[in-house]
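Residue numbers for the sequence shown, in the numbering used here: 271 to 587.
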Amino acid sequence: MPPRIITNAELETMVDTSDEWIVSRTGVHERHVADAMVFTSDLAIEAARNAIENASMSPEDIELIVVATLTADMHTPSVACIVQSALGFSKNTMAFDINAACSGFIYAITIANQFLQNGVYKTALVIGAETMSKVTDWEDRNTCVLFGDGAGAVVLKAAETEDGILLTSAGCDGIAGIKSLTIPGLKVSDEEAKKRENRNLCTIRMDGGEVFKYAVRMMSEQITTIIEKAGLKLEDVKLIIPHQANARILEAIAHRIQVDKSVIFFNVSHSGNTSAASVPLALQAAVQADRIHKDDYIILVGLGGGITWGAVLIKWA
Ligand SMILES: CC(C)(COP(=O)(O)OP(=O)(O)OC[C@H]1O[C@@H](n2cnc3c(N)ncnc32)[C@H](O)[C@@H]1OP(=O)(O)O)[C@@H](O)C(=O)NCCC(=O)NCCS
Numbered sequence: 271m272p273p274r275i276i277t278n279a280e281l282e283t284m285v286d287t288s289d290e291w292i293v294s295r296t297g298v299h300e301r302h303v304a305d306a307m308v309f310t311s312d313l314a315i316e317a318a319r320n321a322i323e324n325a326s327m328s329p330e331d332i333e334l335i336v337v338a339t340l341t342a343d344m345h346t347p348s349v350a351c352i353v354q355s356a357l358g359f360s361k362n363t364m365a366f367d368i369n370a371a372c373s374g375f376i377y378a379i380t381i382a383n384q385f386l387q388n389g390v391y392k393t394a395l396v397i398g399a400e401t402m403s404k405v406t407d408w409e410d411r412n413t414c415v416l417f418g419d420g421a422g423a424v425v426l427k428a429a430e431t432e433d434g435i436l437l438t439s440a441g442c443d444g445i446a447g448i449k450s451l452t453i454p455g456l457k458v459s460d461e462e463a464k465k466r467e468n469r470n471l472c473t474i475r476m477d478g479g480e481v482f483k484y485a486v487r488m489m490s491e492q493i494t495t496i497i498e499k500a501g502l503k504l505e506d507v508k509l510i511i512p513h514q515a516n517a518r519i520l521e522a523i524a525h526r527i528q529v530d531k532s533v534i535f536f537n538v539s540h541s542g543n544t545s546a547a548s549v550p551l552a553l554q555a556a557v558q559a560d561r562i563h564k565d566d567y568i569i570l571v572g573l574g575g576g577i578t579w580g581a582v583l584i585k586w587a
């Protein structure tokens with residue numbers, strides 16, 4: 271995450287809000303925000319470098335780069351191509367971005383996993399990276415207290431073992447969800463322009479209550495379905511790492527699927543919602559906190575704009 275921190279106290283000086291409201295409704299105490307000239311690719315490059323180093327590999331070993339983001343620096347080249355250009359990857363590396371909003375990292379893992387399983391590639395770099403601060407309307411208290419910037423990355427390697435990624439699942443409900451979370455791009459419909467009145471049109475607007483209900487329902491469903499498909503039971507799962515949108519969403523998921531809150535990893539307090547970066551940032555924090563060990567079953571699960579959702583079941587190698 272970039273070094274600059276915006277605390278709730280600082281937000282109190284910017285919009286009509288309070289630390290008490292933000293903490294009680296979201297669990298967020300602070301978020302990291304990139305400087306004006308720092309973009310998603312800058313964060314993605316740093317995360318990529320760290321992941322490759324941690325995997326004791328070098329950029330030439332990577333055959334595929336998938337970046338999940340909804341805040342790419344440019345429409346083209348993709349963030350993945352900018353990463354490819356920065357770290358000495360081979361020219362044979364396939365590199366592209368995907369956008370599934372806050373489910374992006376789950377979708378990206380799912381795609382990369384297919385390339386590894388069908389034998390096309392042996393190693394893939396999957397990055398979730400966002401500068402949400404650049405699409406935030408800092409005068410809209412409904413959204414500006416929620417989001418933050420960051421990037422996380424993993425290296426996936428094909429292996430003939432019984433562990434690693436066991437199952438993935440993903441879905442989308444564009445009919446019900448298409449209007450509940452939006453950031454206009456080239457097209458700004460009258461309806462979207464109206465939501466933003468005379469403000470910056472390319473900023474996030476969200477029906478928070480609607481997304482909240484969706485998040486609890488779909489992430490809970492994804493968790494129980496993937497466990498069932500794998501022939502496992504909830505008690506077999508050591509840790510669930512959900513998209514970090516709001517601590518209350520995570521508490522509601524624990525309640526709905528009836529697990530102790532300790533099985534769900536909470537990381538939102540110091541990061542805010544970093545969209546596609548939130549799951550890899552939380553995964554990294556869980557590894558650092560020694561919450562994941564060899565042979566543990568863990569679940570990554572997300573929900574985001576679209577509405578999109580997905581889950582990944584891993585037996586930690
Ligand atoms: C946004 C969210 C925190 C709002 O929490 P909530 O408990 O549903 O709050 P409500 O929307 O009912 O708003 C309650 C009141 O607080 C006000 N409010 C909103 N933001 C506020 C803020 N930052 N500070 C103070 N008051 C605020 C609202 O205007 C509303 O006032 P009103 O009743 O006078 O209209 C919550 O809906 C949420 O987290 N949704 C999911 C968001 C998300 O993370 N989405 C990303 C994709 S997963």
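Glycine included, every Cβ here is placed at the ideal spot set by N, Cα and C.
Quantities reported herein were computed from a predicted structural model and do not represent experimental measurements.
query = Between T401 and F309, which are expected to be in contact by the criterion C-beta below 8 Å, what is the C-beta distance as a whole number of angstroms?
reply = 6 Å
inquiry  = Which residues does DSSP list as the beta-bridge partners of A423?
reply    = I397
key: Check whether I523 and S490 have beta carbons under 8 Å apart   = yes
ask   = Can T296 be considered in contact with ligand 1, in the sense that its beta carbon sits closer than 7 Å to one or more heavy atoms?
value = yes
query = Is there at least one non-hydrogen atom of ligand 1 closer than 7 Å to the beta-carbon of L416?
reply = yes
inquiry  = Tell me the DSSP secondary structure of F366 in three-state form.
reply    = strand
message = Is it the case that the stretch 503 to 522 contacts the stretch 563 to 570, given that we only count it when at least three CB pairs across the two stretches are under 8 Å?
response = yes
key: Where H540 sits in the DSSP three-state scheme   = helix
ask   = Should V571 and I493 be called a contact, given that it needs their Cβ atoms to be closer than 8 Å?
value = yes
3-residue-minimum beta strand (DSSP E) runs that sit fully inside the stretch 428 to 458, ordered along the chain = 434 to 442
inquiry  = Taking its Cβ as the centre, do 16 or more other Cβ atoms sit within 10 Å of A249, making it buried, or is it exposed?
reply    = The requested residue 249 does not occur in the structure, where the chain is confined to residues 271 to 587.
query = Can L357 be considered in contact with ligand 1, in the sense that its beta carbon sits closer than 7 Å to one or more heavy atoms?
reply = no
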